[in-house]
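Residues in the sequence shown are numbered consecutively from 1, following UniProt numbering. Here a beta-carbon is modelled for each residue, glycine too, at the ideal position from N, C-alpha and C.
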Amino acid sequence: MIKFGTGGWRAIIGEDFTKSNLQLLAQGLANKMIKEDANEFVLGYDRRFLSEKSAKWIAEVMAGNGIKVYFINRIAPTPMIMFSVKEMNLLYGAAITASHNPADYNGVKVFTEGGRDASAEITDEIEAEVNKISLEDVKEMNFDKAIKEEKVVIYNPFNDYIDTIINLVDLEAIKNKQLRILLDPMYGVSKTSLQTILMTARCEVELIHDRHDTLFGGRLPSPSAETLGRLKNDVVEKGFDLGIGTDGDADRLGIIDETGNFIHPNEIMALLYYYLMKYKGWSGPVVRNLATTHLLDKIAEGFGQECYEVPVGFKHISSKMEETDALIGGESSGGLTIRGHIKGKDGVFAASLLVEMISVTNKHLSKLLEEIHEQFGMFEMAEHGFGFDANEKERLLKILYTDKKIPEFSFEVDRVSYMDGVKVFFKNGGWIIARFSGTEPLLRVFAEMDCIEKAEKVCTEMKDFLNI
Ligand SMILES: O=P(O)(O)OC[C@H]1O[C@H](O)[C@H](O)[C@@H](O)[C@@H]1O
Numbered sequence: 001m002i003k004f005g006t007g008g009w010r011a012i013i014g015e016d017f018t019k020s021n022l023q024l025l026a027q028g029l030a031n032k033m034i035k036e037d038a039n040e041f042v043l044g045y046d047r048r049f050l051s052e053k054s055a056k057w058i059a060e061v062m063a064g065n066g067i068k069v070y071f072i073n074r075i076a077p078t079p080m081i082m083f084s085v086k087e088m089n090l091l092y093g094a095a096i097t098a099s100h101n102p103a104d105y106n107g108v109k110v111f112t113e114g115g116r117d118a119s120a121e122i123t124d125e126i127e128a129e130v131n132k133i134s135l136e137d138v139k140e141m142n143f144d145k146a147i148k149e150e151k152v153v154i155y156n157p158f159n160d161y162i163d164t165i166i167n168l169v170d171l172e173a174i175k176n177k178q179l180r181i182l183l184d185p186m187y188g189v190s191k192t193s194l195q196t197i198l199m200t201a202r203c204e205v206e207l208i209h210d211r212h213d214t215l216f217g218g219r220l221p222s223p224s225a226e227t228l229g230r231l232k233n234d235v236v237e238k239g240f241d242l243g244i245g246t247d248g249d250a251d252r253l254g255i256i257d258e259t260g261n262f263i264h265p266n267e268i269m270a271l272l273y274y275y276l277m278k279y280k281g282w283s284g285p286v287v288r289n290l291a292t293t294h295l296l297d298k299i300a301e302g303f304g305q306e307c308y309e310v311p312v313g314f315k316h317i318s319s320k321m322e323e324t325d326a327l328i329g330g331e332s333s334g335g336l337t338i339r340g341h342i343k344g345k346d347g348v349f350a351a352s353l354l355v356e357m358i359s360v361t362n363k364h365l366s367k368l369l370e371e372i373h374e375q376f377g378m379f380e381m382a383e384h385g386f387g388f389d390a391n392e393k394e395r396l397l398k399i400l401y402t403d404k405k406i407p408e409f410s411f412e413v414d415r416v417s418y419m420d421g422v423k424v425f426f427k428n429g430g431w432i433i434a435r436f437s438g439t440e441p442l443l444r445v446f447a448e449m450d451c452i453e454k455a456e457k458v459c460t461e462m463k464d465f466l467n468i
């Protein structure tokens with residue numbers, strides 16, 4: 001059974017992530033592409049267990065269907081693959097990755113025109129094509145034969161991708177600062193790109209967690225205050241100016257400032273939006289998902305701009321950015337992009353822009369954040385994830401969506417939205433959301449208030465009410 005979630009199709013290796021399912025997915029996608037006269041495809045893979053082999057299995061099916069595959073035959077950041085779709089003017093591309101999921105997962109992210117995440121309509125159509133076929137319908141051509149017949153062409157977008165980012169950031173400003181940066185690719189794929197960009201900008205770069213470990217050192221390859229503990233320690237102990245962590249496929253990032261503080265993706269978004277408008281003189285709206293800080297709304301308002309709210313999933317961010325010509329779009333989970341770059345999230349680019357920001361403003365992140373909070377107020381977010389089994393999910397679905405019940409909160413409720421999960425807006429400007437993750441078997445409960453105690457309080461009220 002192939003079911004796409006918030007960011008691609010992800011499944012446990014050996015359970016649903018199997019050669020047969022990959023072949024079915026590829027054949028379903030090929031059938032859709034053939035109907036649309038799309039006969040070229042770019043394909044890359046991350047560092048997970050079975051990723052390279054899976055990419056070859058998919059390439060074999062595409063080639064068997066007469067679709068020419070540009071095959072990136074080295075580990076690649078997801079944004080680099082999205083960039084290739086855009087640069088080559090292709091209609092489709094894919095990455096073999098399960099992004100930030102645990103090590104026993106792998107998956108496929110499908111990209112469409114302009115290098116963006118496939119929309120829900122497109123992934124629904126792929127699922128529908130897959131449902132019509134069985135393994136007997138799969139056409140394949142052996143990988144080596146496909147290479148000989150030039151149905152599979154080895155492709156290396158590395159230089160173009162790096163050069164594009166280098167041209168987008170103010171390299172000269174960074175060169176003057178000679179920053180010392182510690183990189184934590186979390187055993188994933190950002191090392192070569194980020195290291196090359198930062199070293200071209202004359203930064204001194206050191207690395208941790210860069211060897212190939214398909215178990216990700218026993219941790220989730222998702223940058224957070226908990227998972228970036230070593231980065232935090234080393235930045236302080238060895239006196240780095242900045243620590244940069246990226247997730248398994250390098251589309252998301254987490255930052256440690258010079259004092260060892262974890263800079264939440266919410267703050268990264270706020271910092272960059274503020275920087276681009278105040279220091280670079282750019283202008284435009286901002287797009288965030290509904291579980292991302294409302295500080296962005298305040299900053300937008302302060303600059304006479306709009307902030308748009310969309311459901312979780314970068315595909316929604318990209319569409320809204322396009323529709324509103326937004327300057328920046330992003331999510332509290334750590335992904336963002338800006339106008340003019342690819343339409344998907346890019347941790348490599350976001351990190352480079354952040355380094356530019358520190359260099360141009362000549363201010364440390366903590367100082368810039370202070371500036372923002374003084375002007376726009378305090379926003380603090382509490383984040384929790386709760387596991388459940390199938391029965392438990394039914395029970396929670398009934399309370400939240402069928403009976404539409406919410407707890408008796410300590411703060412007065414303004415309104416409730418069901419755009420994605422259940423989001424309660426409080427009269428004091430705070431909010432809480434409870435939604436089922438589309439990438440992991442978790443109920444995510446996030447709340448934002450003007451202080452963390454209040455945010456935690458409403459999360460506890462939701463937790464107690466749901467009995468989780
Ligand atoms: O909360 P979830 O549904 O698990 O999604 C969390 C994140 O997962 C992936 O990385 C998606 O690409 C993001 O768009 C999303 O924000």
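Any non-hydrogen atom of ligand 1 within 6 angstroms of residue i CB
i	result
valine 312	yes
glutamate 383	no
glutamate 331	yes
serine 222	no
serine 54	no
threonine 227	no
serine 437	yes
glycine 188	no
threonine 292	no
threonine 6	yes
serine 319	no
serine 99	yes
Residue closest to residue i, alpha-carbon to alpha-carbon, out of the options
i	options	result
isoleucine 122	Tyr92, Lys148 and Pro441	Tyr92
glycine 377	Ala270, Met419, Ile317 and Ile432	Ala270
aspartate 249	Pro77, Ala30 and Phe446	Pro77
glutamine 178	Leu198, Ala26, Pro221 and Ile12	Leu198
methionine 141	Ile162, Phe386, Leu207 and Glu60	Glu60
glutamate 172	Thr200, Gly28 and Ile162	Thr200
valine 152	Pro79, Met62 and Lys367	Met62
glutamine 27	Thr97, Asn106, Val110 and Leu135	Leu135
residue 543	Ile126, Thr97 and Ala38	The chain is shown from 1 up to 468; residue 543 falls before or after that span and cannot be answered.
glycine 14	Gly107, Gly44, Arg444 and Ser222	Gly107
glutamine 195	Arg48, Asp450 and Ser352	Ser352
isoleucine 317	Lys298, Pro285, Ala300 and Glu301	Pro285
leucine 295	Phe379, Ile12 and Gly430	Phe379
threonine 324	Ala291, Val287 and His341	Val287
alanine 291	Leu168, Ser437 and Lys278	Ser437
asparagine 289	Ser319, Asn261 and Gly260	Ser319
residue 471	Thr97, Tyr275, Tyr418 and Leu231	The chain is shown from 1 up to 468; residue 471 falls before or after that span and cannot be answered.
alanine 103	Leu168, Ile162 and Asp247	Asp247
proline 265	Thr214, Leu369, Ala326 and Leu215	Leu369
Burial state of residue i (16 or more Cβ within 10 Å)
i	result
arginine 252	buried
aspartate 346	buried
valine 189	buried
proline 441	exposed
glycine 218	exposed
lysine 238	exposed
glycine 335	buried
aspartate 257	buried
Contact test: residue i Cβ vs ligand 2 heavy atom, cutoff 6 angstroms
i	result
serine 119	No copy of ligand 2 occurs in the structure displayed; its ligands are ligand 1 alone.
7 angstroms Cβ cutoff, residue i in contact with chain C
i	result
tyrosine 274	Of the protein chains in this structure there is only one, and it is not chain C.
* Asked: Below 8 angstroms, can you find three or more Cβ-Cβ pairs linking the stretch 408-425 to the stretch 387-396?
  -> no
* **Touch test, the stretch 59-69 against the stretch 25-42, Cβ-Cβ under 8 angstroms, three pairs minimum** => Touching, yes, given that three or more Cβ pairs across the two stretches are closer than 8 angstroms.
* Could you tell me whether the stretch 415-435 touches the stretch 348-360, where touching means 3 or more Cβ pairs closer than 8 angstroms? => no
* Asked: Between the stretch 49-57 and the stretch 127-137, are three or more C-beta pairs nearer than 8 angstroms?
  -> no
* To do: Evaluate contact between the stretch 107-127 and the stretch 339-355, counting only Cβ atoms and requiring at least three cross-stretch pairs below 8 angstroms.
  => The stretch 107-127 is in contact with the stretch 339-355.
* Would you say the stretch 378-388 touches the stretch 305-320, given that touching needs at least three Cβ pairs under 8 angstroms? -> no
* Report yes or no: do three or more beta-carbon pairs, one from the stretch 145-164 and one from the stretch 202-220, lie closer than 8 angstroms? => no
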